[in-house]
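J.: Residue numbering for the sequence shown is 1 to 289, as defined by this note's numbering. Each residue gets a CB set at the ideal place from its N, CA and C atoms; glycine is no exception. All figures in this text were calculated on a predicted structure; none of them were measured in a lab. Here it is, the structure in full.
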Amino acid sequence: MSQLSQAADVFQSHRRRLFGIAYRMLGTVADAEDVVQDAWLRWQAVDRSVVLNTEAFLVTTTTRLSINAATSARVRRETYIGPWLPEPVPSGDDPSLGAERAEALSVAMLTLMERLSPNERAVYVLREAFDYPFRQIAEVLDTTEANARQLARRARDHLAGERRAPARPQEISRLLDAFLSAARSGNLDELEQLLAKDVVSVSDGGGKVTAARHPVTGRDHVARFLLGALRQFGQDATYEIADANGGSCLVITRGTEVLCVATVSIDTDGISGIYLVRNPDKLGMRQSS
């Protein structure tokens with residue numbers, strides 16, 4: 001076996017983890033794949049005989065590339081038309097996308113994490129999703145362990161109050177089924193009963209399809225908005241519950257075209273957040289290989 005083939009096999013054994021880091025940092029498959037590809041190119045170019053810890057090298061490389069990419073992405077998203085939401089990824093075969101746990105994978109959490117600085121986000125991802133010790137995180141970010149801990153505290157503070165305790169998959173599936181039934185029947189009262197009083201609906205059309213340019217808030221407003229949105233999909237649209245981002249989602253299609261992927265967040269009062277991804281660039285439901 002050639003040295004390049006050996007390098008490829010080693011890289012492939014870590015690829016899921018690297019993609020999991022990059023995706024949580026960037027929120028889109030294409031950007032995450034670009035980072036992983038750049039990491040592969042650097043792995044090819046490095047003198048691998050002097051690399052003492054392959055995983056540490058690849059995780060460090062991927063994280064630093066992701067931080068740079070996140071900085072650029074933040075600038076691009078300033079001109080994004082309407083709300084920006086992460087790209088859903090299927091997760092039925094690998095719920096945690098290469099992580100120790102599925103933390104920081106839901107669309108709701110990835111959206112919240114947009115308020116973090118790239119360094120705060122990196123620390124949060126490495127700590128909460130992959131359970132790396134602060135000593136190793138400090139080495140990845142080329143900082144002190146004390147500063148890594150401080151970045152983690154800042155990240156948690158920025159997310160405090162907005163972060164919801166994850167609902168059980170069975171509860172999400174049950175509410176999605178009930179939501180779909182109420183939406184199909186057009187029963188406004190039934191739909192409202194599923195929604196929390198302060199529910200928020202966010203739509204991402206990216207300026208390419210019709211979508212609400214601002215979040216819709218409140219049980220009555222959200223219920224009416226959703227019924228109107230579902231009517232626009234037409235009678236020939238089909239609805240299916242699928243696995244994405246570590247939980248259940250609603251996939252709306254017409255023929256072979258995916259029209260919308262809807263995910264929800266849940267609290268004790270019902271459905272508290274509804275995230276409608278309609279930008280066709282984000283509807284491939286692509287899985288990293």
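Out of D9, V59, G246, state which residue places its alpha-carbon closest to the alpha-carbon of R101.
T.: Relative to the Cα of R101, the nearest Cα in the group D9, V59, G246 belongs to G246.
J.: Spatial neighbours of G186 within its chain, please: CB distance less than 7 Å, with the 5 preceding and 5 following residues excluded, ordered by chain position.
T.: Cβ within range, chain order: L227.
J.: State buried or exposed for L194, treating a residue as buried only when at least 16 other CB atoms are found within 10 Å of its CB.
T.: It is buried - the Cβ of L194 has at least 16 other Cβ atoms within 10 Å.
J.: Nearest to W84 by CA position, among S91, R76, P90, is which residue?
T.: R76
J.: Near A73, which residues of its chain fall below 7 Å by C-beta distance, leaving aside the five closest residues on each side in sequence?
T.: L26, D31
J.: Going by CA-CA distance only, name the one from E87, V46, G98, M109 that's closest to S13.
T.: G98
J.: Identify every run of the beta strand (DSSP E) within the region 234-267, keeping only runs that are complete inside it and at least 3 residues long; order them along the chain.
T.: 238-244, 247-254, 257-267
J.: Starting from L4, trace the alpha helix (DSSP H) in both directions and tell me its first and last residue.
T.: 3-26
J.: Would you please state the rounded distance, in angstroms, between the beta carbons of A122 and L110? I believe it to be under 8 Å.
T.: Contact flag wrong, Cβ pair sits at about 14 Å.
J.: So, for F179: in the same chain, excluding its five sequence neighbours on each side, which residues have a beta-carbon less than 6 Å away from its beta-carbon?
T.: L194
J.: The beta strand (DSSP E) that contains S66, what's its start and end?
T.: Here S66 belongs to no beta strand (DSSP E); instead the alpha helix (DSSP H) covers 54-77.
J.: Inspect the CB distances between the region 127-137 and the region 193-213 and report whether three or more fall short of 8 Å.
T.: no
J.: Just the Cα atoms here: how many angstroms apart are S288 and R184?
T.: Confidence at S288 is low in this model, with a pLDDT of 49, below 50, so its placement is unreliable and no value can be given for it.
J.: Could you tell me the distance, in whole angstroms, from the CA atom of F233 to the CA atom of L259?
T.: 8 Å
J.: Starting from I271 and walking both ways along the beta strand (DSSP E), at which residues does that stretch end?
T.: 270-277
J.: Please report the straight-line C-alpha distance between P292 and A237, rounded to a whole angstrom.
T.: Not covered by the structure: residue 292. The range shown for the chain is 1 to 289.
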